[in-house]
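To get this note's numbering, take the position in the sequence shown, counting from 1, and add 211.
Written out below as structure tokens is the structure these notes cover.
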Amino acid sequence: MAGRVESPPPPAKPVPHPDDLSRPYWEAAREGKLLLQRCSSCGEHQFYPRPFCLACRGSELEWIEATGRGRLHTFSVVHRTADRAFAADVPYVFAVVELDEGPRLTVNVVDTALETLECDIPVRVVFTSIGDDTTVPNARGEA
Ligand SMILES: [Zn+2]
């Protein structure tokens, strides 16, 4: 009798590893707040966290809480994934959201009917716990 070959368990999903620069962002995310950096010199917002302003190269950056509102810039519905860590999640929506403040954020679109998705629809950032005291921003259609 042929033995059944068991697949090994899926690998763990990647998790963020906060450093001194990104720690405020991840701590706020755990509380359901989306932080962006704003340059004190030129007023531009940026994401992800960096030690200087991309617009003017200034280094006076402050954290501000974003509105959490934006538009769906682009997206893809993932039906098959080569990454076994995400295989149980299909279909899922991989997307880029353009926040009202300007920066773009890579997220999953959650709790939204797939047939309602199209570029430029309004979305709102929501937060998803991924365990180990870690929360990540995602987005949900506002329609
Ligand atoms: Zn600047």
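Backbone N, C-alpha and C define an ideal beta-carbon position, used for all residues, glycine too.
| Asked | Found |
| --- | --- |
| Pair within 8 Å by beta-carbon distance, Val308 and Leu283 | yes |
| Status (buried if at least 16 other CB within 10 Å, exposed otherwise) for Thr285 | exposed |
| First through last residue of the beta strand (DSSP E) which encompasses Tyr303 | 303-310 |
| Boundaries of the alpha helix (DSSP H) in which Glu238 is found, first to last residue | 234-241 |
| Per DSSP, the bridge partner or partners of Ile332 | None, per the DSSP bridge assignment. |
| Within 8 Å, strictly: CB atoms of Phe258 and Leu316 | yes |
| Alpha-carbon spacing of Thr339 relative to Ser270, whole angstroms | 31 Å |
| Alpha helix (DSSP H) segments (min. 4 residues) lying fully within the region 243-288 | none |
| Distance cut-off 7 Å: Glu329 Cβ against heavy atoms of ligand 1 | no |
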